[in-house]
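Peer 1: Would you mind keeping the following structure in view while I ask a few things?
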Amino acid sequence: GIKLLQGRDFSKNFASDTSALMVSASAVKVFGYKNPIGKKVKIFGTNAYIIGVFDDYVWDSPYKSNYPQVVFLNPTQTGTITMRLNNENSLQSNVETINKITKAFNPAYPTEITFINSLYQDKYKSEKTLGILSNLFGGLAIFVSCLGLFGLVTYSAEQRTKEFGVRKVLGASVANLMQLLSLSFIKMIIVAIIIAAPISYFAMRKWLSNFEFHTTFSWWIIPAAALSTLTLALLTVSFQAYKTAKANPVNALKYE
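When you line the sequence shown up against the working numbering, it's residues 895 to 1150, in that order.
Following this line, the structure appears as structure tokens:
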């Protein structure tokens, strides 16, 4: 639920609550009150008193700052009721109870029920679509990159087949040959990571800044992504490098 920061909520035990207000934390900043409880505010030409302060929450658009909110009781213009469902009962049971209560007050008025989670899903629909597309194209890009890297390593190994054969005859170990073939590719990948890391960092910070309330960007995400990329590239390169290094040097020397 919404977090109460100061004061209290509306209560039927206080008849004076018909002229009471609850305000958001951002509204308190606008009013300039250090201790807002009990302060008088004029609303629609009527004096009202602040009885509670609640925390700001996303109620309009997740892309912009929340407007200051003022909540007051107006029984003559009640059109929407917000309530929390009982988790111990099923959804169908809760809906039936709501319909039963509303029909008792006005049988001719149809009840329209909207769930908060559905509203937020609509608000964040574009982010959900963006996440799906990012995962899809990101995975495809990784797959294509691995294929391309594997092709480059294979081509480089074929071009240096005779060289590796001579080195192996002269006593080079499998590890030496793997290092010789892999090192140049690993260096290129490290340079690419150094270039991509700051770009990714500032792109993520820029995207998160679109939201008034957002998660913090943890420092370890970029190093973890870089390490994962380097590991995947190393596995791709090492497979072909090991295959080339283990080849029979006699066949390599015959290679034209």
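Ideal Cβ positions, reconstructed from N, Cα and C, are used throughout, including at glycine.
Would you decide whether A1002 is buried or exposed? Buried here means 16 or more other CB atoms lie within 10 Å of its CB.
Peer 2: With fewer than 16 other Cβ atoms within 10 Å, it is exposed.
Peer 1: Between the C-alpha atoms of R1099 and G926, what's the straight-line distance to the nearest angstrom?
Peer 2: So the alpha carbons of these two residues sit roughly 31 Å apart.
Peer 1: Measuring alpha carbon to alpha carbon, tell me which residue in P962, I1115, F1079 and L1027 is nearest V952.
Peer 2: Looking at the Cα atoms, P962 is the closest of the given residues.
Peer 1: With the cut-off set at 9 Å, would you say A914 and A942 are in Cβ contact?
Peer 2: Yes. Within cutoff.
Peer 1: Please confirm if V935 has its CB atom under 9 Å from at least one CB of chain B.
Peer 2: Of the chains in the structure shown, none is chain B; there is only one protein chain.
Peer 1: Note down the Cα distance separating I1083 from D1016, rounded to an integer number of angstroms.
Peer 2: C-alpha separation (whole angstroms): 40 Å.
Peer 1: How long is the line joining the alpha carbons of N981 and K1081, rounded to whole angstroms?
Peer 2: Spanning the two alpha carbons is a distance of roughly 56 Å.
Peer 1: Can you tell which of F1031, K1140 and V964 has the C-alpha that lies nearest to the C-alpha of L1071?
Peer 2: Looking at the Cα atoms, K1140 is the closest of the given residues.
Peer 1: Starting from V1059, trace the alpha helix (DSSP H) both ways and give me its first and last residue.
Peer 2: Going by the sequence as given, residue 1059 is Gly instead of Val. Looking at the DSSP string, the run of the alpha helix (DSSP H) that includes G1059 is T1055 to V1063.
Peer 1: Please tell me whether N993 and T1005 are closer than 9 Å, where the distance is taken between their beta carbons.
Peer 2: In contact: N993 and T1005 (Cβ atoms closer than 9 Å).
Peer 1: Among the candidates T1138, F1096, L1129 and I1087, whose CA atom is the shortest distance from the CA of A1118?
Peer 2: It is I1087 whose Cα lies nearest to the Cα of A1118.
Peer 1: Using a Cβ-Cβ cutoff of less than 8 Å, which residues in the same chain neighbour L894 once the five nearest sequence positions on both sides are dropped?
Peer 2: Any question about residue 894 goes unanswered here, given that the chain covers just 895 to 1150.
Peer 1: Please list the terminal residues of the continuous alpha helix (DSSP H) segment that includes Y1014.
Peer 2: I1010 to K1017 is the extent of the alpha helix (DSSP H) around Y1014.
Peer 1: Can the beta-carbon of S900 be found closer than 9 Å to that of V935?
Peer 2: In the sequence under discussion, the amino acid at residue 900 is Gln, which differs from the Ser named in the question. Cβ atoms of Q900 and V935: not closer than 9 Å.
Peer 1: Using only the alpha-carbon positions, how far apart do S1078 and N1011 sit?
Peer 2: Each residue's alpha carbon lies about 52 Å from the other.
Peer 1: Going by DSSP, what residue range makes up the beta strand (DSSP E) through M916?
Peer 2: Run containing M916: A914 to S918, per the beta strand (DSSP E) assignment.
Peer 1: Taking Cβ positions, are Q1134 and A1069 nearer each other than 9 Å?
Peer 2: For Q1134 and A1069, no; Cβs fall outside 9 Å.
Peer 1: For the beta strand (DSSP E) that V964 lies in, which residues bound it at each end?
Peer 2: Here the beta strand (DSSP E) through V964 covers V964 to F966.
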